[in-house]
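Residue numbers (this note's numbering), protein chains in the order written: chain G, 10 to 667; chain E, 471 to 656; chain D, 5 to 309; chain R, 2 to 154.
A short write-up of the structure that comes next.
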Amino acid sequence: MARIGVFICHCGENIGRTVDCAAVAQESAKLPGVVVSLDYKYMCSDPGQQMIKNAIAEQKLTGVVVAACSPRMHETTFRRAAAEAGLNPYLLEMANLREHCSWVHEDRPIATGKAVDLVRVMVEKVKRNRALYPIQVNVEPTAMVVGGGIAGIQAALDIAAGGKKVILVEKSPSIGGHMARLSETFPTLDCSQCILTPRMVEAASHPNITLMTYSEVEAVDGFIGNFEVTIRKKARYVDPAKCTGCGSCYTKCPQKKIPSEFDALLGKRSAIYTPFPQAVPNKPVIDAEHCTMLTKGKCGVCKKICPRDAINYEDKDELVKVKVGAIVLATGFELWDHSKYGEYGGGRLVDVIDGFQFERLASASGPTAGEIRRPSDGQVPHTVVFIQCCGSRDEKQGMAYCSKICCMYTAKHAMLYRHKVHDGRAVVFYMDIRAAGKGYDEFTRRAIESDGAEYVRGRVSRIYRRADGKLIVRGADTLAGRPVSIEADLVVLADAVVPRKGGEKLAQMCGVGYDTNGFYSEAHPKLRPVETAAAGVFLAGACQAPKDIPDTVAQASACAAKVLGLFAAPKLEREPIVARVNQNLCVHCRACINTCPYGATQDREIKDRQGNVVKVVAEVNEGLCQGCGTCVAICRSNAIDLDGFTDEQIFAEIATLE
Amino acid sequence: MSHTQQSELGARIAEQTGMNVLECYQCGKCTAGCPMAKYMDLTPSQVMRLCQMSDEGAKEQVLRSGAIWTCAGCLTCTQRCPKQLDPAAAMDVLRELSNREKMTSPQRRKILAFHKAFLTTVRKTGRMSEFPLVRRYKISSRDFFSDVLLAPLMVAKGKLGFKAHKIKGRSQIKTIFQTCADLARK
Amino acid sequence: MNSIGYYPGCSLSGGGIELDLSIRGLAQLAEVELREIDDWNCCGATAAHNLDHNLAIALPYRILALAEKQGLGEVLAPCAACFSRLKGTNVRLERSGDLKAKMQTIVDLPYSGSVKILSITEFLNRLMELGLADKLPKKLTGLKVAPYYGCLLSRGEDIVSDDAESPSAMEAALRATGAEVVDWNFATECCGGGFSMSLTDAVLDLSNAILADAKAAGADCIVTGCPMCHSNLDMRQLKIQSSGMGQYDMPVLYLSEVLGLAAGMGCDQLGLNRHFIPAMALAHRFDPPPQAAETAEAVSDQRSN
Amino acid sequence: MTQATTQTETKAEGFEPRIVAFVCNWCTYAGADLAGTSRLQYAPHVRIVKLPCTGRIDPLFILKAYEGGADAVLVSGCHPGDCHYTSGNYHARRRWTIFRRLLSLAGVEEGRLFFSWVSAAEGQKFADLINDVTAQVKAAGPFKHNPARRQAW
Ligand SMILES: Cc1cc2nc3c(=O)[nH]c(=O)nc-3n(C[C@H](O)[C@H](O)[C@H](O)COP(=O)(O)OP(=O)(O)OC[C@H]3O[C@@H](n4cnc5c(N)ncnc54)[C@H](O)[C@@H]3O)c2cc1C
Ligand SMILES: Cc1cc2nc3c(=O)[nH]c(=O)nc-3n(C[C@H](O)[C@H](O)[C@H](O)COP(=O)(O)OP(=O)(O)OC[C@H]3O[C@@H](n4cnc5c(N)ncnc54)[C@H](O)[C@@H]3O)c2cc1C
Ligand code: SF4
Ligand code: SF4
Ligand code: SF4
Ligand code: SF4
Ligand code: SF4
Ligand code: SF4
Ligand code: SF4
Ligand code: SF4
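As C-alpha cells, then:
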C-alpha cells in the first residue's frame with residue numbers, strides 16, 4: 010500500500026498570497042494513499058526539510074510530493090533530503106505551485122483549485138514511481154575549446170593550469186580573435202596586442218595545450234564525459250613541422266593585392282600569408298582561392314624560395330577524431346553589416362566605416378601605421394562623426410538589443426582620434442551612454458570633459474556624400490530640441506555586435522540552444538551563466554552575448570572552473586532516466602534502433618545454454634541513452650518504457666486530470 | 471493582460487492608429503530626418519514625448535503647437551523610426567484634435583485656413599479648382615498679396631482653372647461631409 | 005484593345021495639365037484606352053487627412069466605389085498624392101471590416117475592395133511592357149536626368165513597393181529612352197508638399213536644396229511623377245532664383261513627358277510649352293522645332309523673366 | 002483577442018475549457034517557469050504534463066486526454082533545431098502529420114489540437130500562447146462530441 014506524504018510550501022508570500030496553502034493541504038489529505046499532508050512557510054529551509062525527513066521516518070512513507078517551486082529550482086535539494094531519511098530519492102516528485110500557478114494567476118480561489126489539481130496529479134504519479142539508482146559513467150579528462158579568441162585562450166590556459174589537457178580549435182590561421190585587431194583597449198587604454206600576445210605565446214607553448222589552428226569542428230557525438238569529436242584540419246599547403254616562419258615566401262609572393270581580413274579590408278596581404286606579424290603559430294598558410302599555383306597551376310615562387318622545403322601544393326584537408334570529456338564554446342562575434350541601412354548610404358560610401366576599420370586605422374601595426382587617414386583619399390579627416398547604436402536597439406532593420414560594448418569603444422575611438430589629430434573635431438551621436446563598469450563612466454566622462462569629444466544626444470537619420478566630397482550627417486540634438494547637420498570627412502558606425510554567421514550549426518552539433526538572435530543560450534541567466542542545456546558543454550565570451558574583454562575573461566575562467574570541477578572525479582553520476590526494453594515483448598522490428606538520436610538502442614542476441622542464438626531483441630545502452638523517450642513512443646509492441654516517465658505514470662497523470 | 475497606462479493623447483492615438491506611443495524611446499531619428507523640423511516649435515520627437523505624458527500641460531503644449539501643423543506628412547519619420555512607430559500618423563490625429571478643440575496655433579493659422587478653404591471648395595463642388603480655392607484661402611488667411619504675380623503666369627500657361635468643376639453627385643458629397651462632421655462631434 | 009481606369013484628380017485639369025496631356029498621349033500610342041471614372045470627386049488630399057480622419061477615407065471610398073460600379077479592375081491615379089490616398093484607403097479598408105462597414109453607411113455605396121490602384125510609374129512601366137518600349141524612336145542620348153521621387157512615390161510601406169531609401173521605379177523607363185540617370189542625393193527628400201501657399205518660405209528652402217543637388221550632380225533636368233512636386237520645383241523656381249538663393253534654370257519634367265519625347269510626341273502635345281522653367285530648348289535637342297512652338301516658348305520665356 | 006472574446010460570449014456563456022498541455026522539460030516547461038518568474042499573467046485553464054521531450058509523446062496520450070474530458074490538447078516543445086535531444090522533436094513532428102488525419106477520422110474537430118514551439122527564453126511567448134489557445138477554444142465552445150465532457154476545472 011502506498012503511503013504518500015504531501016508538503017505544501019508557502020514560499021513566504023510568493024505562493025501563500027494567491028494560493029490558500031492550508032486548504033490545499035486539507036484537500037490533499039483526503040487523497041487516497043496520502044497519510045500526511047502539511048504546509049509550511051519555507052519548505053527548503055532547514056526546519057522545512059527536517060519536517061519531510063521526520064515524516065518519512067515516522068510514517069514510513071513510500072512516496073513524497075513537495076508542492077513548492079519549479080523542480081528546476083529545488084528538486085535536488087528535496088531528493089537529497091529524502092535520501093538522507095532513507096527513501097530512494099526518485100520516489101519524490103515536485104508539484105510546481107509557484108512558477109506555474111501562484112505567480113501567473115491573480116484569482117485566489119482559481120489558483121487554489123489549480124494547486125489542488127497539480128498536487129493530485131503528482132500524488133498519482135509518485136505512487137507509480139520506482140526506486141532508481143544513478144548511473145556511473147567514465148570521464149575523459151581532456152577538454153576541447155572551440156574558438157581561439159581571448160575567451161578560448163583564457164579558458165584553455167586556466168584548464169591547462171589545473172593540470173588537464175586541452176585541445177584548442179581555431180578556424181583561422183592564428184589564435185587571437187578580435188582582440189588581436191584592437192588598437193588600445195578601454196577602460197585603461199593599454200595596447201591590446203601588448204597584453205594579448207604573451208598569452209597567445211603561452212597557450213602555444215603550454216605542454217597541456219594542443220593548438221589546432223585553421224581547423225573546424227565537423228561533428229560531435231557522445232555525451233558529457235565522453236564526447237567524440239571530428240575535427241577538420243584544413244589544408245595549409247605549408248608543413249608547420251618544417252616551416253621556421255622566416256617569411257621569405259610571403260615577401261616574394263606575387264599575389265599581393267588581396268584585401269586583408271585582419272585589417273578589416275583596409276590593408277592588403279599576399280596569397281601565402283600570416284594574418285599579422287605576431288600570429289601564433291607564426292607559420293603561413295596558402296589561401297587556395299587566390300594562389301595562382303592552386304587555381305591555374307602557374308607560379309610556384311614560394312616553393313622555390315622556401316629554404317626548408319615546407320611548401321606542399323598537394324596538401325589535403327584531414328579529418329581527426331578526438332575524445333574529450335567537456336567542450337567550451339568560445340566562438341565570439343561579428344559586427345552587423347550596415348549595408349542594410351539605405352539611409353546611411355547602404356554600404357556604398359567608402360568613408361563610412363565600422364568600428365574594426367577604425368581600430369585598424371588607429372593601430373600602430375595597421376595599414377596607416379596608426380595615423381587616422383580616411384580610406385577614399387588617404388587624407389587626415391578634420392571632422393569625424395561617430396554614430397552609436399548603429400543596428401542595435403533597432404527592431405525594424407537591425408537588432409532589438411543593446412550591444413553593450415559600443416558606448417565604451419566609441420568613447421575610446423573619439424579619444425584616440427582627438428589624441429592623434431589635435432585640431433580635429435569628434436562628434437558622437439548617442440542615445441544613452443551605457444558605461445556601467447568599474448571605471449567606465451569615468452572613462453566616457455573623460456572623453457567629453459577633457460578630450461573634447463562633442464556628444465550629441467540623438468540618432469542620425471541620414472548620411473550622404475555631397476558633390477564636394479563632404480559627408481553630410483543629419484542628426485538631431487534631442488536635448489536642445491533641434492535637428493543638426495554636420496559636414497564630416499569620416500563617419501564611424503558603431504555597428505551592433507551579432508553572433509557569428511552559421512553559428513547555429515555548431516550549437517546543433519553540441520545540443521546547445523540559441524536565442525532568437527543566434528547567441529548561444531546559457532542554462533540559467535543568473536545562476537548558471539556558463540553552463541548550457543547540454544551537460545558538459547560550456548560557454549565563454551561573446552558567443553553567448555555581447556561582451557567586453559573583462560567580462561569575457563571572467564566567463565572564460567568560470568568555464569575552466571566548471572570543467573576542472575567535472576574532471577575532478579574519475580566517474581560521473583548521471584540521472585537514471587533511461588529507456589528499458591522488455592525482451593519478452595520485443596519483436597525486433599528495429600524501429601527504436603532506427604530512431605534513437607544517440608544510437609543507444611542496439612541489437613542483442615539471446616542465446617541458449619549451448620550458445621545458439623535463439624532470438625534477437627533490442628537493448629538499450631544506459632551509458633548512451635539520454636532519456637528522450639522517442640523510442641518508447643515509436644515502439645508498437647509496447648516493449649520499451651522510460652524510467653521516470655513510464656506509460657503507466659503518464660496515463661495516471663492524464664487520468665487524474667479527469 | 472497588459473498594464474500599460476496611456477495618457478489621453480496616447481489613448482486617442484492608440485485607438486485611431488493602433489500605435490503605442492510608450493514604445494517611443496526618444497532616439498530623435500524622426501527629428502533628425504524631418505525636413506520641416508527646423509520650422510517647428512516642437513520637434514517630432516518632442517511631440518511624441520509629450521504624448522507619453524499624462525498631465526494636462528503636456529496635452530496643451532502639443533495641441534497648441536505649430537509643429538503639428540508644420541508637418542508635411544512626408545513619412546520620413548515613419549520610414550526610419552527604429553521602433554516601427556508612425557509619428558506622421560500621430561500628427562494626423564493631433565491636428566484633427568487641435569482643430570476640433572480650437573487650439574490651433576495662431577502662427578499656423580494660414581495652414582489651417584488653406585486646408586479649410588480646400589475642403590470648402592470640395593464640399594461645394596465635389597472637386598478642387600485652383601481659382602476658387604485661392605480666392606477663398608486669400609480671404610480667410612488675409613494673405614492677399616503674396617504670389618499675385620504668379621497668377622497671370624498660371625493663366626497664360628493654362629494652369630489656373632477659373633471655373634469651378636461641379637460634379638453631378640454634389641448632394642452626395644454634401645451628405646458625406648455632413649455625416650463625417652456629425653461623427654466628429656460625437 | 006487594353007483598357008485601364010483613369011482617375012485624373014483635380015490638379016490634372018489645372019496645375020498638372022502637362023501630366024494629363026502626356027499620359028493620354030502615351031496611352032494612345034500604346035493602344036491602351038483610358039476609361040475615366042464617371043463623376044469622380046476630389047480625394048480630399050492633405051486637407052481632409054489633416055482635419056477629419058473619416059472624411060479622409062470617405063472621399064476616396066466614393067471614388068473607389070464608383071470605379072467598381074463601372075467595372076474598372078485597375079485605375080491609374082497619376083498624381084502621387086491621389087495615388088497615395090486611394091491606395092491607402094484600399095489598404096485600410098482591407099485591414100478592417102469595421103471601417104468598411106462604417107464607410108458604406110457614410111457614403112451609401114457598396115465597395116468590395118476589388119479596384120487596384122496604379123501609380124504613374126507602375127502605369128508607365130506597364131505601357132512599356134505593352135509595347136511602348138518598342139515605340140521610342142528617339143534616343144535621348146546625352147540627356148542627364150535626376151529622377152525625383154519625393155515622399156509619396158518612395159515611402160509608405162503598404163503603398164509603395166519600391167525601396168524607400170533608393171527607389172528605382174523610374175530608372176528602367178528612363179534608361180530605355182537612352183537618357184543617363186545621374187547619381188544624386190535628393191531623390192527622396194521632401195519638397196514641402198502642399199505648403200506652397202501656406203508656408204512658402206519652407207517650400208522655397210527645401211526645393212532650393214533639391215535643385216542645388218541636382219545641379220551639382222550635373223543633371224540637365226529633374227524628372228518627377230507628382231504635380232505637387234512639379235509645381236514646387238518648377239513654378240517656385242522663379243521665386244527661388246529671384247530671391248537669390250541660387251541660379252538653376254533647371255527644367256522639371258514629368259516622367260511621362262520624357263517618355264513622350266522619346267516617343268517623338270510634339271512639345272505642344274506633351275504640354276512642354278506650359279512649363280515655367282522653359283523646357284523647350286531641352287526638347288529641341290532631340291526634336292527640332294516647328295515654327296509655332298518656338299514662338300510659344302519665346303512668349304513664356306519673356307513672362308518668366 | 003477582443004474578437005475572440007466577444008464570440009465566446011455568444012457561443013457559451015461562462016464556458017471554462019479544460020486544456021491538457023504536453024510539454025518538454027527543457028524548453029517549454031522552462032519557458033513556463035520563465036513566464037512565472039516574470040509574473041506574466043495568463044488564463045488558468047491549462048494543466049501541464051511534463052515529458053522529457055515531445056518525442057516521448059505517444060498519440061495515445063492525446064486520445065486519452067480527450068477521453069478524459071479535455072476540450073483541447075496543446076503540444077509544445079523546443080524549436081526545430083534547438084531540441085535538447087538533437088532530433089526528438091523532429092521525430093515527433095513527423096508522426097503528427099499522420100496523427101492529425103487519424104484524429105479527424107476519430108471525430109476530433111479541427112482546432113482541438115494545438116502545436117507550438119516555446120524555448121526556455123520565451124516566457125512571454127508561453128503566456129501569449131496559453132491566452133491565445135484558451136481564447137480559441139473558448140470561441141470554439143465545449144468539445145460536444147466528447148462523451149466525457151466534464152465540468153470546468
Ligand atoms: C570595434 C571594437 C572595439 C573594441 N574595443 C574593446 C576595448 O577597448 N576593450 C574591451 O574590453 N573590449 C573591446 N571590444 C570587445 C572585444 O573585442 C571582445 O570582448 C572580445 O574580442 C571577445 O572575445 P571572444 O574570444 O569572445 O571572441 P572573438 O574575439 O570573436 O574570438 C572568437 C574566435 O573564435 C574563432 N572561431 C569562430 N568560430 C569558430 C568555429 N566555428 N570554429 C573554430 N573557431 C572559431 C574566431 O576565428 C576567433 O578567433 C571591442 C570590440 C569591437 C567590435
Ligand atoms: C536594492 C537592490 C536590488 C537588487 N536587485 C537585483 C536583481 O533584481 N537582480 C540581480 O541580478 N541583482 C540584484 N541586485 C544585486 C545583488 O544583490 C548583488 O549582485 C549580489 O547580492 C552580490 O552578491 P555577493 O555575494 O557578491 O555580495 P553580498 O550579497 O553582499 O554577500 C556578501 C556576504 O559576505 C558577508 N561578509 C561580508 N564581510 C565579511 C567578512 N569580513 N567576513 C565574513 N563574511 C563577510 C556578508 O555578511 C554577506 O553575507 C540588487 C541589489 C540591490 C542593492
Ligand atoms: S522550496 Fe521553493 S517555493 Fe518553497 S520556499 Fe523554497 S524556494 Fe520557495
Ligand atoms: S619560406 Fe618556408 S620556412 Fe619561411 S615562412 Fe615560408 S614556408 Fe615557412
Ligand atoms: S604559389 Fe601561390 S602562394 Fe606561392 S608565391 Fe605563388 S601565388 Fe603566392
Ligand atoms: S552599448 Fe551603447 S552604443 Fe552600443 S547599443 Fe548599447 S547603448 Fe547603443
Ligand atoms: S521498437 Fe519495440 S519491438 Fe521494435 S525493436 Fe524496438 S523494442 Fe523491439
Ligand atoms: S530514450 Fe530511447 S531514443 Fe532516447 S536516447 Fe534513450 S534509447 Fe535513445
Ligand atoms: S524615431 Fe521613433 S522612437 Fe525615435 S524618437 Fe521618433 S518616434 Fe520615437
Ligand atoms: S511626416 Fe511630418 S513629422 Fe514626419 S518627417 Fe515628414 S514632416 Fe516631419
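Even for Gly, the Cβ is constructed at its ideal location relative to N, Cα and C.
Local Cβ density within 10 Å of Leu-575 of chain G, reported as buried at 16 or more and exposed below that:
buried
Does ligand 3 have even one heavy atom less than 8 Å from the beta-carbon of His-83 of chain G?
yes
Residues of chain R with CB under 8 Å from Leu-7 of chain G, in chain order?
Nothing can be reported for residue 7 of chain G: it is not among the residues displayed for chain G, which extend from 10 to 667.
Keeping to the same chain, check which residues put their C-beta closer than 6 Å to that of Val-626 of chain G; ignore five residues upstream and five downstream.
Gln-592, Cys-595, His-597, Arg-613
Please name the residues in the segment 501–528 of chain E whose beta-carbon is closer than 8 Å to at least one beta-carbon of chain G, in chain order.
Thr-501, Ala-502, Gly-503, Cys-504, Ala-507, Lys-508, Leu-512, Thr-513, Ser-515, Gln-516
In this structure, how does DSSP classify His-234 of chain D when only helix, strand and coil are distinguished?
helix
Is it buried or exposed, Met-5 of chain D, if we count other Cβ atoms within 10 angstroms and call 16 or more buried?
exposed
Can you tell me where the beta strand (DSSP E) with Arg-241 of chain G in it begins and where it stops?
235–242
From which residue to which residue does the alpha helix (DSSP H) around Pro-316 of chain G run?
For Pro-316 of chain G, no alpha helix (DSSP H) run applies, since DSSP gives it neither H nor E.
As a quick exercise: from G:Asp-486, G:Met-417, G:Asp-477, pick the residue whose alpha carbon is nearest that of Arg-454 of chain G.
Nearest of G:Asp-486, G:Met-417, G:Asp-477 to Arg-454 of chain G, Cα basis: G:Met-417.
Ile-558 of chain G beta carbon near ligand 6 (any heavy atom closer than 8 Å):
Ligand 6 has no heavy atom closer than 8 Å to the beta-carbon of Ile-558 of chain G.
Heavy atom of ligand 2 less than 8 Å from the Cβ of Lys-535 of chain G, yes or no?
Yes, since a heavy atom of ligand 2 falls inside the 8 Å radius drawn around the Cβ of Lys-535 of chain G.
Hey, does Thr-167 of chain D have any beta-carbon neighbour from chain G nearer than 9 Å?
Sequence inspection shows Asp at residue 167 of chain D; the Thr mentioned does not correspond to that position. Yes, its Cβ sits closer than 9 Å to a Cβ of chain G.
Close beta carbons around Glu-111 of chain R, own chain, < 8 Å, minus the five adjacent residues each side:
Ser-105
Counting beta carbon pairs with one atom in the segment 33–53 of chain G and one in the segment 165–172 of chain G, are three or more of them shorter than 8 Å?
Between the segment 165–172 of chain G and the segment 33–53 of chain G, the count of C-beta pairs closer than 8 Å stays below three; the two stretches do not touch.
How would you list, in chain order, the residues of chain D whose beta-carbon sits under 8 Å from the beta-carbon of Gly-351 of chain G?
Asp-167, Ala-168, Glu-169, Ser-170
Which residues does DSSP list as the beta-bridge partners of Phe-367 of chain G?
Answer is none; Phe-367 of chain G lacks a bridge partner.
Sorted by chain position, which residues of the same chain lie with C-beta nearer than 7 Å to Gly-309 of chain G's C-beta, five sequence neighbours on each side aside?
Cβ neighbours of Gly-309 of chain G within its own chain (closer than 7 Å, five residues either side excluded): Met-302.
Taking 9 Å as the CB-CB cut-off, is Ser-641 of chain E touching chain D?
no
Within 9 Å (strictly less), CB to CB, does Gln-475 of chain E reach chain G?
Contact with chain G is absent for Gln-475 of chain E, since none of that chain's Cβ atoms lies less than 9 Å from the residue's Cβ.
Taking just the CA atoms, how far does Arg-99 of chain D sit from Cys-494 of chain E?
Approximately 24 Å, taken between the alpha carbons.
How many whole angstroms separate the CB atoms of Val-394 of chain G and Ala-273 of chain G, which I take to be in contact at a CB cut-off of 8 Å?
Not confirmed; about 19 Å, so no contact.
Looking at C-alpha atoms only, which residue of E:Cys-544, E:Met-518, E:Arg-550 is the closest neighbour of Ser-535 of chain E?
E:Met-518
I need the residues with a C-beta less than 5 Å from some heavy atom of ligand 5; please give them in chain order.
G:Cys-262, G:Gln-264, G:Ala-280, G:Ile-281, G:Ile-295, G:Cys-300, G:Thr-301, G:Met-302, G:Cys-308, G:Val-310, G:Cys-311
I'd like to know if Ala-31 of chain D contacts chain G, where contact means its C-beta is closer than 9 Å to some C-beta of that chain.
no
Assuming Cys-195 of chain D and Gly-154 of chain D form a contact by the criterion Cβ under 8 Å, report the distance between their Cβ atoms to the nearest whole angstrom.
6 Å
Taking only beta-carbon positions, decide if Gly-279 of chain D is within less than 9 Å of chain E.
For the sequence presented, residue 279 of chain D should be read as His rather than Gly. Answer yes: the Cβ-Cβ gap between His-279 of chain D and chain E drops below 9 Å somewhere.
Can you list, in chain order, the residues of the segment 526–544 of chain G whose Cβ is nearer than 7 Å to any Cβ on chain R?
Here the close residues are Ser-530, Ala-542.
Is there at least one non-hydrogen atom of ligand 9 closer than 8 Å to the beta-carbon of Leu-370 of chain G?
no
Assign Val-623 of chain G to one of two classes, buried (16 or more other C-beta atoms within 10 Å of its C-beta) or exposed (fewer than that).
exposed
Nearest chain G C-beta to Thr-38 of chain R closer than 9 Å, yes or no?
yes
Residues of chain G with CB closer than 8 Å to the CB of Pro-552 of chain E, please, in chain order.
Arg-402, Asp-403, Glu-404, Lys-405, Gln-406, Gly-407, Arg-468
Can you tell which of G:Thr-419, G:Lys-616, G:Asn-526, G:Val-331 has the C-alpha that lies nearest to the C-alpha of Glu-193 of chain G?
G:Thr-419
Rounded separation between Ala-583 of chain E and Leu-533 of chain E - CA only:
17 Å
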